[in-house]
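Asks: Before I ask anything, here is the structure I am working with.
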């Protein structure tokens with residue numbers, strides 16, 4: 001069992017990894033870990049995730065009220081999204097919100113990650129839906145996220161970013177890495193002519209492997225077919241992917257023009 005201080009050190013380490021990987025910029029993102037029935041450690045607002053120290057972190061309860069804080073540090077206004085996850089998913093002990101570029105690109109264009117293109121993504125994530133846009137700091141975003149909590153451990157947030165959660169901080173972080181890698185490979189394979197997707201039978205075999213492993217957390221499984229994870233229905237997203245490629249390419253060219 002980790003001590004509270006060790007948990008805070010681990011949060012700072014994951015914060016550095018998120019920052020160095022470019023999953024956040026400036027003061028973006030939030031990380032929380034549940035350490036008790038009614039106690040959560042959270043990162044402070046207005047502080048870069050790459051430059052945090054344990055003394056900056058706060059302890060809050062499930063109502064978002066501060067239990068312990070050093071200095072003038074305050075929790076993010078987006079803490080409501082984290083609290084909703086903890087309330088509706090008692091198995092979750094850590095939540096991470098970030099803005100990974102490729103994943104967020106898909107969220108901005110409005111394209112969920114539904115193509116079964118590699119075994120690891122199918123087993124760990126299944127597919128990643130997009131929670132409808134909600135105004136930050138309001139209940140709109142928690143309400144949007146709530147619709148997907150019982151079947152997914154990773155979400156894209158429309159025009160916002162990504163949210164991952166799990167039974168511990170490391171697993172929540174790995175899901176964020178996996179989500180971004182999935183999005184990046186989908187983008188690259190589309191540029192190269194379009195991914196060769198796994199068949200429905202191949203996907204089902206991977207689901208069975210996951211079941212045999214007894215991996216913790218929630219997984220969409222058969223629900224993926226309703227979102228377009230099967231090979232046949234996923235192809236309807238090709239035009240949307242092409243749109244994403246055009247939008248991002250245009251942005252890159254504009255940046256190069258002015259640099």
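Numbering (the UniProt record's numbering), first residue to last: 1 to 259.
Every residue gets a Cβ at the ideal spot worked out from N, C-alpha and C, and that includes glycine.
Note that the structure is predicted; figures quoted are calculated from it, not measured.
The alpha helix (DSSP H) spanning residue 145 covers which residue range?
Replies: Here the question's residue 145 lines up with position 145 in the chain shown. Start and end: 140-146.
Asks: Does residue 202 pass the burial test, meaning 16 or more other C-beta atoms within 10 Å, or should it be called exposed?
Replies: For this step, residue 202 is matched to residue 202 along the chain shown. It is exposed - the Cβ of residue 202 has fewer than 16 other Cβ atoms within 10 Å.
Asks: Do the stretch 52-59 and the stretch 108-121 touch if we need at least three Cβ pairs shorter than 8 Å?
Replies: With the cut-off at 8 Å, the stretch 52-59 and the stretch 108-121 do not touch.
Asks: Measuring only the C-alpha atoms, how far is residue 39 from residue 90?
Replies: Here residue 39 is taken as the residue at index 39 of the chain shown, counted from 1. Here residue 90 is taken as the residue at index 90 of the chain shown, counted from 1. C-alpha separation (whole angstroms): 13 Å.
Asks: Quick check: what's the CA-CA separation for residue 81 versus residue 34?
Replies: Numbered from 1 along the chain shown, position 81 holds the residue referred to as residue 81. Numbered from 1 along the chain shown, position 34 holds the residue referred to as residue 34. Rounded to whole angstroms, residue 81 to residue 34 spans 14 Å at the Cα level.
Asks: Identify the continuous beta strand (DSSP E) that holds residue 96 and give its terminal residues.
Replies: Walking along the chain shown from the start, residue 96 turns up at place 96. Run containing residue 96: 94-98, per the beta strand (DSSP E) assignment.
Asks: In the structure shown, what three-state DSSP assignment does residue 104 receive?
Replies: Working through the chain shown from its first residue, we reach residue 104 at position 104. Helix at residue 104.
Asks: Buried or exposed for residue 105, going by 16 or more other Cβ atoms inside 10 Å?
Replies: Within the chain shown, numbered from 1, the residue matching residue 105 stands at position 105. Buried: at least 16 other Cβ atoms inside 10 Å.
Asks: Alpha carbon to alpha carbon, how far is residue 37 from residue 50?
Replies: On the chain shown, residue 37 is found 37 positions in, with the first residue counted as 1. On the chain shown, residue 50 is found 50 positions in, with the first residue counted as 1. Each residue's Cα considered, the two are about 28 Å apart.
Asks: Is it right to say residue 150 is buried, meaning 16 or more other beta carbons lie within 10 angstroms of its own, or is it exposed?
Replies: As a position in the chain shown, residue 150 is number 150, starting the count at 1. Per the 10 Å Cβ criterion, exposed.
Asks: Please report how far the alpha carbon of residue 153 lies from the alpha carbon of residue 20, in whole angstroms.
Replies: Here residue 153 corresponds to residue number 153 of the chain shown, with the count starting at 1. Here residue 20 corresponds to residue number 20 of the chain shown, with the count starting at 1. For residue 153 and residue 20, the distance between alpha carbons rounds to 23 Å.
Asks: By alpha-carbon positions, which one of 131, 143 and 69 ends up nearest to residue 160?
Replies: Here residue 160 is taken as the residue at index 160 of the chain shown, counted from 1. Measuring from the Cα of residue 160, the nearest candidate turns out to be 131.
Asks: Run the CB neighbour count on residue 180, radius 10 Å, all protein chains shown included, and call it buried at 16 or more, exposed below.
Replies: By one-based count along the chain shown, residue 180 stands at place 180. The residue is buried, with at least 16 neighbouring Cβ atoms inside 10 Å.
Asks: In the DSSP assignment, find the alpha helix (DSSP H) that holds residue 186 and state where it starts and stops.
Replies: Position 186 of the chain shown holds residue 186. Its alpha helix (DSSP H) spans residues 169-191.
Asks: On a CA-only basis, which of 134, 98, 92 and 164 is nearest residue 127? Give me that one, please.
Replies: Taking the first residue of the chain shown as position 1, residue 127 is located at position 127. Of 134, 98, 92 and 164, the residue nearest in Cα terms is 164.
Asks: Could you tell me the distance, in whole angstroms, from the CA atom of residue 26 to the CA atom of residue 47?
Replies: By 1-based counting over the chain shown, the position of residue 26 is 26. By 1-based counting over the chain shown, the position of residue 47 is 47. Answer to the nearest angstrom: the Cα atoms are 8 Å apart.
Asks: Looking only at C-alpha atoms, which of 125, 141 and 208 sits nearest to residue 218?
Replies: For the purposes of this step, residue 218 is identified with residue 218 of the chain shown, where counting begins at 1. Closest by alpha carbon: 125.
Asks: So, under 8 Å CB-CB, residue 162 and residue 220 are touching, yes? Tell me the CB distance rounded to an integer number of Å.
Replies: Counted from its first residue, the chain shown places residue 162 at position 162. Counted from its first residue, the chain shown places residue 220 at position 220. About 16 Å separates the two Cβ atoms, so there is no contact after all.
Asks: When you measure from the CB of residue 59 to every non-hydrogen atom of the ligand SAM, does any distance come out below 7 Å?
Replies: In the structure on display, the ligand SAM does not appear, and there are no ligands present to speak of.
Asks: In or out: residue 135 buried (at least 16 other Cβ within 10 Å) or exposed?
Replies: In the chain shown, counting from the first residue as 1, residue 135 sits at position 135. Exposed.
Asks: Considering only the alpha carbon of each residue, which of 196, 69, 52 and 70 lies closest to residue 10?
Replies: Your numbering for residue 10 matches position 10 in the chain shown. Per the Cα distances, 52.
Asks: Do residue 14 and residue 41 have their CB atoms nearer than 8 Å?
Replies: As a first step, residue 14 is located in the chain shown; it is residue number 14 there, counting from the start. As a first step, residue 41 is located in the chain shown; it is residue number 41 there, counting from the start. Going by C-beta atoms, residue 14 is not nearer than 8 Å to residue 41.
Asks: Based on Cα-Cα distance, which residue from 216, 184, 143 and 138 lies nearest to residue 115?
Replies: For the purposes of this step, residue 115 is taken as residue 115 along the chain shown, with counting starting at 1. Nearest option by C-alpha distance: 184.
Asks: Using a Cβ-Cβ cutoff of less than 6 Å, which residues in the same chain neighbour residue 133 once the five nearest sequence positions on both sides are dropped?
Replies: Residue 133 sits at position 133 when you count from the first residue of the chain shown. 158 and 159.
Asks: Considering only residues of the same chain and omitting the five flanking positions on each side of residue 230, which have a CB-CB separation below 6 Å?
Replies: On the chain shown, residue 230 is found 230 positions in, with the first residue counted as 1. The predicted position of residue 230 is uncertain, since its pLDDT is 46 and thus under 50; a value taken from the coordinates is nonetheless stated next. If we look at residue 230 and ignore the five residues flanking it on each side, its Cβ neighbours are 200.
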